[in-house]
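Reviewing the structure listed below.
Protein chains: 2
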Amino acid sequence: MPATLPVSPLSETAVDHPQEPRTRDPDQLLRLAQDEFIRRWGEMGATWGINRTMAEIHALCYITATPQCTDDVMQRLNISRGNASMNLRALCDWGIIRRLHRRGERREYFESLSDVWEIFSIIAAERKRREMDPVLETIKRCQQMLDESSLGKAAARQPQVQATRERLANMEEFMSVTNKIFQQFVSNARSGLNRVVKVLLKAL
Amino acid sequence: MPATLPVSPLSETAVDHPQEPRTRDPDQLLRLAQDEFIRRWGEMGATWGINRTMAEIHALCYITATPQCTDDVMQRLNISRGNASMNLRALCDWGIIRRLHRRGERREYFESLSDVWEIFSIIAAERKRREMDPVLETIKRCQQMLDESSLGKAAARQPQVQATRERLANMEEFMSVTNKIFQQFVSNARSGLNRVVKVLLKAL
DNA sequence: GTAGAATTTCAATAAATTCTGAAACAACGG
DNA sequence: CCGTTGTTTCAGAATTTATTGAAATTCTAC
Numbered sequence: 014m015p016a017t018l019p020v021s022p023l024s025e026t027a028v029d030h031p032q033e034p035r036t037r038d039p040d041q042l043l044r045l046a047q048d049e050f051i052r053r054w055g056e057m058g059a060t061w062g063i064n065r066t067m068a069e070i071h072a073l074c075y076i077t078a079t080p081q082c083t084d085d086v087m088q089r090l091n092i093s094r095g096n097a098s099m100n101l102r103a104l105c106d107w108g109i110i111r112r113l114h115r116r117g118e119r120r121e122y123f124e125s126l127s128d129v130w131e132i133f134s135i136i137a138a139e140r141k142r143r144e145m146d147p148v149l150e151t152i153k154r155c156q157q158m159l160d161e162s163s164l165g166k167a168a169a170r171q172p173q174v175q176a177t178r179e180r181l182a183n184m185e186e187f188m189s190v191t192n193k194i195f196q197q198f199v200s201n202a203r204s205g206l207n208r209v210v211k212v213l214l215k216a217l
Numbered sequence: 014m015p016a017t018l019p020v021s022p023l024s025e026t027a028v029d030h031p032q033e034p035r036t037r038d039p040d041q042l043l044r045l046a047q048d049e050f051i052r053r054w055g056e057m058g059a060t061w062g063i064n065r066t067m068a069e070i071h072a073l074c075y076i077t078a079t080p081q082c083t084d085d086v087m088q089r090l091n092i093s094r095g096n097a098s099m100n101l102r103a104l105c106d107w108g109i110i111r112r113l114h115r116r117g118e119r120r121e122y123f124e125s126l127s128d129v130w131e132i133f134s135i136i137a138a139e140r141k142r143r144e145m146d147p148v149l150e151t152i153k154r155c156q157q158m159l160d161e162s163s164l165g166k167a168a169a170r171q172p173q174v175q176a177t178r179e180r181l182a183n184m185e186e187f188m189s190v191t192n193k194i195f196q197q198f199v200s201n202a203r204s205g206l207n208r209v210v211k212v213l214l215k216a217l
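One line per chain: the protein sequences are A and B, in this order.
By my numbering, the letter at position 187 of the first sequence is numbered 200, and the numbering carries on one by one without gaps.
By my numbering, the letter at position 35 of the second sequence is numbered 48, and the numbering carries on one by one without gaps.
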C-alpha cells in the first residue's frame, strides 16, 4: 500500500477509540463519518449472525444514499471482486438493496432501500421464516412424540415426561407470541410502522 | 466408545428428516424428543450468533427440567470436559442457568431458569447493552462530525452531507424506538410479561 | 454477430471460530 | 497435610466460514 492515499480505504482505526479527525476538509470528514458508521454496523451484524462484509456493504449503500457500483464497493471496503459480487447478490436476494441500470451504461449500480423500517421488516420476516418457524414445527413434533397416544397413559404421566411437556408448551407459547409480533411489524411496515410503534410504546 | 451404549448420545439424525422412532419404550421416546429439540435449538442459536454448543447446553438444561452435572452434559452432547465447562460458565455469566450445590456432594449441577420470558428478557437486555447501545453512540458521534460546527455552514449544506445526515437521523430514530421496546420487555419480564405482550398485540 | 466490458462462479486458500485434552488448580474429608 | 474428586484454563488441533482470483459466462452497444 502506498504511504499516503488521496482517499484511503475504510480506516483501520478501532471503533472504540477513533482518532480525532486531523483535517477540516469536508469531504474527508464526510468519509470518516461514513466509514465509522460502516465499521460499527459491520461489527453489529457479525454478532447477529450476519456476515460482516455483507453488513458493511449494506451500510455503505445505505449511508451514502448514492448508488454504488461493484468497483466502488471493492475499493471502499478493500475486498475482492468475487466477494463484492456474491455479497451484493445476497443483499439483492434479501431485498434490502436494489440493482439499478443506467442508460447506455453496462455497469450495474446498487442502492439501499431508504426506509429503515422497511429494511428491518424484510429482515425480520425472512429470519422468522427461516429460523423461528422450523423451531415451532420441531416443538410440535416433539409434543406429538410425548402424547398419550404415542406413549400410552401410564408413561405419559411420568414426572419426567410431564416436565418436558410443560417446558415444550411454555416455549411454544413464547415463540408463537414472538412470531405474531414479528408478523405485525412486517405487515405494518409499509403504512407508517412508525406510528404503529408509537402506539405500541404507549400501550406498554 | 463401547459398541452399543444403553442410551446413545444425541442422535446424529438430520433435523429435517428425523427417523421415525423404532421403539415404543417411553424413556427412549422421551430422550428422542428432547434430543430433537436440543438439536434444533442449537441450530437456531448458531444462526443468531450464539455458539451452537452453548445453545444446546442451555436447551438440555431447559428441556429436561432437571439439574445436570458437567458429566451429564459431556455425555449427552458428546463434547469434551473443557468445552462443557467453558460453555456452562458462559451460560451462568449470562444468568440463564444457575449453579446448584447439593448437600454432601462435591459435584455441581446446573439448572435453567424455568420462565421463558425471563430467559428472553435477560438475553435481550444483554444484547441491547452490548450491541445496540454502541451503535447508537457511533451514530451520535457521526452526526457530530457532520454538524455545522464541525464542517462550517457551506460544507454542511452539500447534498452529500445532507443525505448522510438524514440517513443517520433515520437510523437513530429506528434504533431508539427498538431500544425502548427492548427496555419495556426487560422491565416487565418479572411481573407477567405474558399479559403485557397480549396488550401489545391488541394495540397493534 | 461480435468485441469487450462487466459479472458470476467456484476451487483453492486464508482467517476465524470452536473444541479438545491434559495440566494446573481448588475444595474437601479424613 | 495428603489423596481424592471435581473444575478451570489454555495452547494447539480441528472445524467451519469467509475470501480471493482467475476462468467461464453474460450482456450490451455497435
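Cβ atoms here follow ideal geometry from the backbone N, Cα and C, with glycine treated the same way.
Determine the direct distance from the alpha carbon of residue j to that of residue i, and round the result to whole angstroms.
i	j	result
residue 42/A	residue 165/B	12 Å
residue 197/A	residue 146/B	25 Å
residue 94/A	residue 53/A	23 Å
residue 190/B	residue 103/B	29 Å
residue 128/A	residue 136/B	28 Å
residue 83/B	residue 154/A	28 Å
residue 123/A	residue 110/A	6 Å
residue 89/B	residue 63/B	20 Å
residue 184/A	residue 144/A	15 Å
residue 106/A	residue 181/B	24 Å
residue 121/A	residue 113/A	6 Å
residue 138/A	residue 132/A	10 Å
residue 173/B	residue 126/A	17 Å
residue 44/B	residue 77/B	9 Å
residue 46/B	residue 75/B	13 Å
residue 101/A	residue 79/A	15 Å
residue 81/A	residue 151/A	42 Å
residue 67/A	residue 92/A	11 Å
residue 158/A	residue 58/B	23 Å
residue 163/B	residue 171/B	14 Å
residue 218/A	residue 186/A	Any property of residue 218/A remains undetermined from this structure, which presents chain A solely from 14 to 217.
residue 48/A	residue 108/B	35 Å
residue 38/B	residue 161/A	13 Å
List the residues of chain B that residue i touches, going by C-beta distances under 9 Å, in chain order.
i	result
residue 152/A	50 and 53
residue 171/A	39, 40 and 43
residue 61/A	61, 62, 140 and 144
Given that residue i touches chain B, what residues does it touch there, using C-beta distances under 7 Å?
i	result
residue 304/A	With chain A covering 14 to 217 only, the question about residue 304/A has no answer from this structure.
residue 168/A	39
Identify, in the order they occur along the chain, each residue of the same chain with its Cβ nearer than 6 Å to the Cβ of residue i, setting aside the five sequence neighbours on each side.
i	result
residue 18/A	Low confidence applies to residue 18/A: its pLDDT is 42, below 50, so where it sits in the model is not reliable, and the reading given next is rough at best. Excluding positions up to five away in sequence, the list is empty.
residue 149/A	188
residue 179/A	none
residue 86/A	70 and 97
Give the interface partners of residue i over in chain A, defined as CB-CB distance under 7 Å, in chain order.
i	result
residue 183/B	129
residue 45/B	158
Using C-beta distances below 7 Å, list every residue in its chain close to residue i, excluding the 5 sequence neighbours before and after it, in chain order.
i	result
residue 141/B	192 and 195
residue 16/B	Caution applies to residue 16/B, whose pLDDT of 41 falls short of 50 and renders its modelled position unreliable; the model cannot decide the point.
residue 61/A	none
residue 34/A	Note that residue 34/A scores a pLDDT of 49, beneath 50, so its modelled location is shaky; the value from the coordinates is reported in the next line. These residues qualify, in order along the chain: 42 and 45.
Quick one: which chain A residues come within Cβ less than 9 Å of residue i?
i	result
residue 133/B	187 and 191
For a contact meaning CB atoms closer than 8 Å, what does residue i contact in chain A?
i	result
residue 97/B	Within chain A, no residue comes near residue 97/B; the closest Cβ sits about 21 Å away, beyond 8 Å.
What residues from chain B crowd round residue i, counting only those whose CB sits closer than 8 Å?
i	result
residue 174/A	39 and 43
For residue i, which residues of its own chain have a beta-carbon under 8 Å away from its beta-carbon, when the five flanking residues on both sides are left out?
i	result
residue 176/B	none
### Residues within the region 63 to 86 of chain A neighbouring chain B, beta-carbon criterion of under 9 Å
From the region 63 to 86 of chain A, only 63, 75, 76, 77, 78 and 79 have a Cβ closer than 9 Å to chain B.
### Query
Using a Cβ cut-off of 9 Å, which residues of the region 135 to 163 of chain B contact any Cβ in chain A, in chain order?
Here the close residues are 140, 143, 144, 145, 147, 148, 150, 151, 152, 154, 155, 156, 157, 158, 159 and 163.
### Task
Decide yes or no for the touch test of the region 44 to 58 of chain B against the region 66 to 76 of chain B: beta carbon pairs closer than 8 Å, at least 3 of them.
Taking 8 Å as the limit for Cβ pairs, the verdict is that the region 66 to 76 of chain B does touch the region 44 to 58 of chain B.
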